[in-house]
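Be aware that the sequence shown starts at 1, since it is given in full-length UniProt numbering, and climbs by one per residue.
Have a look at the structure below, then the notes.
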Amino acid sequence: MEIERKFLIEALPPDLDSCRSHIIEQGYLCTEPVIRVRREDDDYWLTYKGKGLMVREEHNLPITREAYEHLREKADGNLITKKRYLIPLDNGLTIELDIFDKPFAPLVIAEVEFASEEEAGGFVAPDWFGKEVTFNSEYQNSSLSRKKF
């Protein structure tokens, strides 16, 4: 189960380069239900996500680079590339800050994952977070993959 809240970011936090980061590339084989292939640095995943916005089922299956490359060619719509920074919070949570490449740039989204809906509901976002878009499906990566430019 994935429980997360999403926020738009207009100004990047200081000391971002001191945080761990990953380069991510992903494509969508299907958007209802969501079936995604992802390369995260040198790791490769096939992911199923159920319906929902803040809470939804999620299953990740590791795959080989060859399988990823084969499936990526079958992806519909836009291939999404982004740099993800992992920013630790004092409460043990982690902000996943995604800086999207073209054609989505200058889009920047922060996601925070939680162990429960209660924890998600009690989360107080840092001051530098912008508008919350958790319940706006337009900002789901699967929706972005279908966006026309």
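Cβ atoms here follow ideal geometry from the backbone N, Cα and C, with glycine treated the same way.
* Counting Cβ pairs, one atom from each stretch, are 3 or more of them under 8 Å apart for the stretch 64 to 82 and the stretch 47 to 54? -> no
* To do: Could you work out which residue in V124, G130, E96, L107 is closest to L16 when comparing CA atoms only?
  => To locate residue 16, count along the sequence shown from 1; it is residue 16. Closest by alpha carbon: E96.
* Following the continuous beta strand (DSSP E) through E25, name the residue where it begins and the one where it ends. => Here residue 25 is taken as the residue at index 25 of the sequence shown, counted from 1. Residues 20 to 31.
* Could you round the C-beta distance between residue 150 and H22 to whole angstroms and report it? I think they count as a contact, below 8 Å. => Summary: the structure shown does not reach residue 150, with the chain confined to residues 1 through 149, and so no result is reported for it.
* To do: Would you kindly work out how many angstroms separate the C-alpha atoms of I109 and K131, rounded to a whole number?
  => The residue given as residue 109 occupies position 109 in the sequence shown. The residue given as residue 131 occupies position 131 in the sequence shown. Cα to Cα, the separation comes out at about 10 Å.
* Check whether the Cβ atoms of R5 and I24 lie closer than 8 Å to each other. => Locating residue 5 in the sequence shown gives position 5, where the first residue counts as 1. Locating residue 24 in the sequence shown gives position 24, where the first residue counts as 1. Not a contact, by the Cβ cut-off of 8 Å.
* To do: Leaving aside the five residues before and after S143 along the sequence, list all residues of the same chain whose C-beta is less than 8 Å from its C-beta, in chain order.
  => Stepping through the sequence shown from its first residue, residue 143 is reached at position 143. Answer for S143: T31, S137, listed in chain order.
* Asked: Buried or exposed: G122, going by 16 or more other Cβ atoms within 10 Å of its Cβ?
  -> Position 122 of the sequence shown, counting from 1, holds the residue named residue 122. G122 should be labelled exposed.
* Asked: In this structure, what does DSSP give as the bridge partners for F100?
  -> What you label residue 100 is simply residue 100 of the sequence shown in a count that begins at 1. Bridge partners of F100: K82.
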